[in-house]
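Since the structure comes first, as structure tokens, the remarks are kept for the end.
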Amino acid sequence: MKHSYTKTAIAVLGLVASVANTSVLAQASAQNVELQFSAQLNVQAFECGKTYDNMGSTAAKITPTDFRFFISEVEFLDNTGKSTTLQLEQDKTWQQDNVALLDFENGSGPCRNGNTATNMRVAGQLPAGNYSAVRFTLGVPFAKNHADATLAAAPLNTTAMFWNWQGGYKFLKFDAQTNANANGMQKTMAMQNASESASMAKPAAMNSGFALHIGSTMCASASKTTAPSQCMNSNRVQVELKDFDWKKNKVVLDVAKVLKATNLEVNTMGTAPGCMSFPKDPDCFSVMNLLGLKYDGVAAQSAQLLFSKQ
Numbered sequence: 008m009k010h011s012y013t014k015t016a017i018a019v020l021g022l023v024a025s026v027a028n029t030s031v032l033a034q035a036s037a038q039n040v041e042l043q044f045s046a047q048l049n050v051q052a053f054e055c056g057k058t059y060d061n062m063g064s065t066a067a068k069i070t071p072t073d074f075r076f077f078i079s080e081v082e083f084l085d086n087t088g089k090s091t092t093l094q095l096e097q098d099k100t101w102q103q104d105n106v107a108l109l110d111f112e113n114g115s116g117p118c119r120n121g122n123t124a125t126n127m128r129v130a131g132q133l134p135a136g137n138y139s140a141v142r143f144t145l146g147v148p149f150a151k152n153h154a155d156a157t158l159a160a161a162p163l164n165t166t167a168m169f170w171n172w173q174g175g176y177k178f179l180k181f182d183a184q185t186n187a188n189a190n191g192m193q194k195t196m197a198m199q200n201a202s203e204s205a206s207m208a209k210p211a212a213m214n215s216g217f218a219l220h221i222g223s224t225m226c227a228s229a230s231k232t233t234a235p236s237q238c239m240n241s242n243r244v245q246v247e248l249k250d251f252d253w254k255k256n257k258v259v260l261d262v263a264k265v266l267k268a269t270n271l272e273v274n275t276m277g278t279a280p281g282c283m284s285f286p287k288d289p290d291c292f293s294v295m296n297l298l299g300l301k302y303d304g305v306a307a308q309s310a311q312l313l314f315s316k317q
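Plus 7 on top of the position in the sequence shown (first one is 1) and you've got our numbering.
Here it is, written out as structure tokens:
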């Protein structure tokens with residue numbers, strides 16, 4: 008009987024050792040990955056307080072006041088097309104589960120409604136291997152998009168990136184003063200951020216600044232604090248960059264590419280400033296098309312132009 012117990016003990020110890028070795032090997036085969044992002048306007052690096060020329064259809068001068076966005080579901084693809092999910096670092100600041108917030112404004116100058124901290128990378132772990140492409144979504148997954156931002160963990164507690172329970176988060180937030188309205192823009196944007204909602208289509212003054220806010224719309228629910236079961240317009244942008252080496256390449260986000268056919272100096276009367284994703288806004292048609300998104304029942308005629316590799 009004693010001999011039998013000894014054999015059992017040895018077998019158990021062997022199993023434990025095998026599991027431990029497997030765990031060590033798995034950890035050894037994983038690699039830390041940093042996906043670097045660069046925010047630009049007409050190929051120039053984004054800076055708070057900098058003025059950019061030749062923007063939009065009228066070659067306007069603009070001065071950005073905010074530039075942030077969420078991405079989710081980051082994957083890397085090998086040469087066969089097989090995808091592997093990047094396991095995001097849970098840093099309790101910029102990344103939660105499979106969602107990350109990129110923030111390029113630093114709270115200075117005209118960006119004073121923002122914050123000083125910035126984040127220009129997505130970090131995580133990936134099994135060792137040869138990867139030739141990266142894929143991700145601009146936006147917050149539906150399951151995380153409709154709740155109370157004031158109770159959420161970082162980065163989903165960033166209320167400046169939130170509309171309401173029904174609409175959810177602003178997947179992309181780009182705000183700017185134009186050469187026609189630089190003096191009054193801060194007041195306009197403060198009022199806008201206080202009142203913006205899924206029913207935002209209210210009369211707006213001409214030259215009230217340009218805001219590009221991408222998020223889900225037409226999200227019906229029983230009440231303002233009840234999460235919807237679906238949204239007619241999800242407005243999540245699927246991005247895939249081929250021939251991408253995370254050790255050498257950066258993900259470039261150039262907002263000028265999706266604003267090139269839009270008049271940034273004059274806003275359509277009766278609509279929110281700029282394009283805030285809401286239906287029936289003439290200032291959104293070109294922008295949504297160049298983002299590769301269907302808008303007002305019309306399919307995009309272009310693949311997304313916002314993201315590229317560098």
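Don't be surprised by glycine CBs; every beta carbon is placed ideally from N, CA and C.
What's the gap between the Cα of Val81 and the Cα of Arg75? Taking the sequence shown and counting its residues from 1, one reaches residue 81 at position 74. Taking the sequence shown and counting its residues from 1, one reaches residue 75 at position 68. Distance between the alpha carbons of Val81 and Arg75: 17 Å.
Give the DSSP-derived three-state secondary structure of Cys282 in the structure shown. Position 275 of the sequence shown, counted from the start, is the residue given in the question as residue 282. It is a strand residue.
Less than 8 Å between C-beta atoms, sequence neighbours within five positions excluded: which residues of the same chain meet that for Ala135? Looking up residue 135 in the sequence shown gives position 128. So the qualifying residues of the chain are Ser36, Ala37, Gln38.
Simplified DSSP assignment, three categories, for Leu158: For this step, residue 158 is matched to residue 151 along the sequence shown. Leu158: helix per DSSP, three-state reduction.
Could you tell me which of Phe251, Met295, Lys254 sits nearest to Thr224, measuring between CA atoms? Numbered from 1 along the sequence shown, position 217 holds the residue referred to as residue 224. Checked all of Phe251, Met295, Lys254; the closest Cα to Thr224 is Met295.
Nearest-angstrom Cα distance between Leu42 and Ala130? Residue mapping note: residue 42 aligns to position 35 of the sequence shown, counting from 1. Residue mapping note: residue 130 aligns to position 123 of the sequence shown, counting from 1. Leu42 and Ala130: Cα-Cα distance of roughly 6 Å.
Please state whether the Cβ-Cβ distance between Arg243 and Phe178 is less than 8 Å. Translated into the one-based positions of the sequence shown, residue 243 becomes position 236. Translated into the one-based positions of the sequence shown, residue 178 becomes position 171. Against a cut-off of 8 Å, the Cβ pair of Phe178 and Arg243 comes out as a contact.
Taking the alpha carbon of Ala167 as the point to measure from, which residue in Asp110, Phe143, Ile78, Ser236 has its own alpha carbon closest? Taking the first residue of the sequence shown as 1, we reach residue 167 at position 160. That would be Asp110, whose Cα lies nearest to the Cα of Ala167.
Where does Leu93 fall in DSSP's three states? If you number the sequence shown from 1, residue 93 lands on position 86. Reduced to three states, the DSSP call for Leu93 is coil.
Considering just the uninterrupted stretch of the alpha helix (DSSP H) at Leu297, what are its terminal residues? Working through the sequence shown from its first residue, we reach residue 297 at position 290. Counting along the chain, the alpha helix (DSSP H) containing Leu297 begins and ends at 292-297.
Beta-carbon contacts of Gln132 that lie in its chain and below 8 Å, excluding the five residues immediately before and after: For this step, residue 132 is matched to residue 125 along the sequence shown. Cβ within range, chain order: Ala37, Gln38, Asn39, Val40, Leu93, Gln94, Glu96.
Should the stretch 40-59 be regarded as contacting the stretch 146-159, the criterion being three or more beta carbon pairs within less than 8 Å? no
Using alpha carbons as the reference points, say which of Asp290, Phe285, Trp170 lies closest to Phe217. As a first step, residue 217 is located in the sequence shown; it is residue number 210 there, counting from the start. Considering only alpha carbons, the answer is Asp290.
Rounded to the nearest angstrom, what separates Val147 and Leu108 at their Cα positions? Counting from one through the sequence shown, the residue named residue 147 turns up at place 140. Counting from one through the sequence shown, the residue named residue 108 turns up at place 101. Distance between the alpha carbons of Val147 and Leu108: 10 Å.
Given 7 Å as the limit, tell me if Asp250 has its C-beta closer than that to any heavy atom belonging to the ligand SAH. By its list of ligands, the structure shown contains no ligand whatsoever, and the ligand SAH lies outside what it can speak to.
Considering just the uninterrupted stretch of the alpha helix (DSSP H) at Lys249, what are its terminal residues? Taking the sequence shown and counting its residues from 1, the one referred to as residue 249 is at position 242. Per DSSP, Lys249 belongs to no alpha helix (DSSP H); it is in the beta strand (DSSP E), 244-249.
Would Gln184 and Lys257 qualify as a contact pair, given that the criterion is a beta-carbon distance under 8 Å? Counted from its first residue, the sequence shown places residue 184 at position 177. Counted from its first residue, the sequence shown places residue 257 at position 250. No, the pair does not count as a contact, with Cβ atoms beyond the cut-off.
Endpoints, the beta strand (DSSP E) within which Asn39 is located: Translated into the one-based positions of the sequence shown, residue 39 becomes position 32. Element bounds for Asn39: 37-48.
Phe181 lies in the beta strand (DSSP E); which residues open and close that run? What you label residue 181 is simply residue 174 of the sequence shown in a count that begins at 1. First-last of the beta strand (DSSP E) with Phe181: 179-185.
Quick check: the Cα distance between Gln51 and Ala234, rounded to an integer number of angstroms? Indexing the sequence shown from 1 puts residue 51 at position 44. Indexing the sequence shown from 1 puts residue 234 at position 227. Between Gln51 and Ala234, the C-alpha separation is close to 39 Å.
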